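Below: the structure, in structure tokens.
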Amino acid sequence: MMKKVLYSAVCVALSVAMTACSSENKTVEDTVKVVEEVVDTIPYRIAKGYELKSGVKELHTPKFGSSKAFNKYFKSASADATEIDFNSEYVIAAIKPDAKGKKLVFNGVNEASGDRVLMSFYTEDAEASEASTSLLIIVPDSIDGHVDVKEVM
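Here the sequence shown is numbered in the numbering used here, starting from 36 and rising by one per residue.
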């Protein structure tokens, strides 16, 4: 019994040693490249109870830092719409005015390289009561930078 345990331990040790010897050597450049590709997730809330105003076909910017700018494009659609404090947060918006019978689904919001914020979304079929042509994400003002919105498939 003891010989089997010892034999198994030696086999495992040899396997680990052989695997370590056969792995690629990493350089400092490889490590730096991997670190540059790291993306941080940003805290967010999804705003509910708003809808795109009729006649709006596109946004001049996806980032809204004031209620005045926000209210040019969106209106409250329910009494219990999510409260937005434009003194400490801003809204990232994605719209698809022609997405009839669909809804925009949040896929993520990330910060890349400290000064770029990316929100992604996709569309899927929806029941009439769930259909929406816009998606609104509320982000803290402390997360600052250029905002991009991207539809993913």
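The C-beta atom is built at its ideal place from N, Cα and C for all residues, glycine as well.
Since this is a predicted model, take the numbers as computed values, not measurements.
6 Å CB neighbourhood of residue i in its chain, flanking five on each side removed
i: ALA161; result: LYS137, LYS138
i: VAL18; result: Within the shown structure, residues of the chain are numbered from 36 to 188, placing residue 18 beyond reach of any answer.
i: ASN142; result: SER155, PHE156, TYR157, VAL187
Where residue i falls: helix, strand or coil (DSSP)
i: SER155; result: strand
i: GLY143; result: strand
i: ALA129; result: strand
i: LYS135; result: coil
i: SER177; result: coil
i: GLU186; result: strand
i: ASP150; result: coil
i: ILE172; result: strand
Reference residue i; option with closest CA among the options
i: ASP120; options: LYS110, ASP133, SER101, ILE130; result: SER101
i: PRO192; options: LEU87, ILE173, VAL187; result: Outside the shown range of the chain, which is 36 to 188, sits residue 192, and nothing can be said about it.
i: MET154; options: HIS95, VAL140, LYS88; result: VAL140
i: ARG80; options: SER89, PRO175, PRO132; result: PRO175
i: LYS107; options: VAL91, PRO132, ASN142; result: VAL91
i: GLU118; options: ALA134, THR76, LYS83, LYS103; result: LYS83
i: PHE109; options: PRO132, GLU159, SER177, SER123; result: PRO132
Local Cβ density within 10 Å of residue i, reported as buried at 16 or more and exposed below that
i: GLU129; result: Checking the sequence, you will find Ala at residue 129 rather than Glu. Buried, by the Cβ-count rule.
i: SER167; result: buried
i: VAL144; result: buried
i: SER169; result: buried
i: ALA163; result: exposed
i: LYS185; result: exposed
Those runs of the beta strand (DSSP E) which lie wholly inside the region 63–127 and span at least 3 residues: Counting whole runs of 3 or more residues, the region 63–127 contains the beta strand (DSSP E) stretches 85–87, 109–111.
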